[in-house]
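A.B. asks: Let me give you the structure first, and then I'll get to my questions.
Numbering (this note's numbering), first residue to last: 64 to 138.
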């Protein structure tokens with residue numbers, strides 16, 4: 064797998080996970096007024112989705128740190 068393919072693969076996983084977590088949070092906000100008022104099981108599902116998003120983000124930025132001359136951790 065080339066560097067470009069790896070970059071695109073990691074980015075796609077992160078974007079997909081972030082979209083799913085964002086959609087679930089929006090759904091809970093619409094249903095309960097705030098996701099914080101959602102039932103325990105629904106909050107746990109959202110927490111799991113956010114955890115997947117964080118893992119995908121960590122993998123993406125770890126790859127960038129190792130392969131990019133730019134420091135992507137600063138503005």
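Beta carbons: idealized from backbone N, C-alpha and C, even for Gly.
(1) Considering only residues of the same chain and omitting the five flanking positions on each side of residue 81, which have a CB-CB separation below 6 Å?
(2) Can you round the beta-carbon distance between residue 73 and residue 126 to whole angstroms, since I take them to be within the 8 Å contact cut?
(3) State the Cα-Cα distance for the pair residue 133 and residue 79, rounded to the nearest angstrom.
(4) Just the C-alpha distance for residue 94 and residue 64, rounded to the nearest angstrom, thanks.
C.D. replies: Taking the coordinates as given:
(1) 116
(2) 5 Å
(3) Counting only the Cα atoms, residue 79 lies some 25 Å from residue 133.
(4) About 43 Å.
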